[in-house]
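*Asks:*
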Amino acid sequence: GVTLATDAYGPIADNAGGIAEMAELEERVRDTTDALDALGNTTAATGKGFAIGSAVLTSLSLLAAFKDKAGLTIVDIGDPVVLSGALFGAMLPFLFAALTML
Numbered sequence: 018g019v020t021l022a023t024d025a026y027g028p029i030a031d032n033a034g035g036i037a038e039m040a041e042l043e044e045r046v047r048d049t050t051d052a053l054d055a056l057g058n059t060t061a062a063t064g065k066g067f068a069i070g071s072a073v074l075t076s077l078s079l080l081a082a083f084k085d086k087a088g089l090t091i092v093d094i095g096d097p098v099v100l101s102g103a104l105f106g107a108m109l110p111f112l113f114a115a116l117t118m119l
């Protein structure tokens, strides 16, 4: 619930700023909504970090459940070297895609 609330705060504050601008309210109202919008951007960025961390933990638990159910003994996802390699390997396509945008 908290992650959803922090992620939803930014768009709500941004919409409030847009409504204040369209309603031609005083400049101080727009200044206040701009400050709230900046805070909303910060909370959204924080919420994204929690969401990404949650996704990593979920994927690790799914991998561990698959390993147990399939009876795999050759690959140990609990080994820190294997886990690091899996995470870095999954990250590489996104890194190279981002580098093409420079």
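For the sequence shown, the positions run 18 to 119 when the numbering used here is used.
Using N, Cα and C, we set each Cβ at its ideal position, and we do this for glycine too.
Just so it is clear, the structure is predicted and the values come from calculations on it, not from any experiment.
1) Measure how close the beta-carbons of residue 54 and residue 30 come, nearest whole angstrom, since I'm counting them as under 8 Å.
2) Does the structure place the segment 37-44 close enough to the segment 58-70 that three or more beta carbon pairs sit under 8 Å?
3) Is residue 81 closer than 8 Å to residue 94 when the C-beta atoms are compared?
4) Is residue 92 helix, strand or coil when you go by DSSP?
5) Could you tell me which uninterrupted beta strand (DSSP E) segments, each at least 3 residues in length, are contained entirely in the segment 29-106, listed from first to last along the chain?
*Replies:* Well, looking at it:
1) 5 Å
2) Verdict: no, contact absent.
3) Yes, these two residues count as a Cβ contact at 8 Å.
4) coil
5) Annotation: the segment 29-106 contains no complete segment of the beta strand (DSSP E) (minimum length 3 residues).
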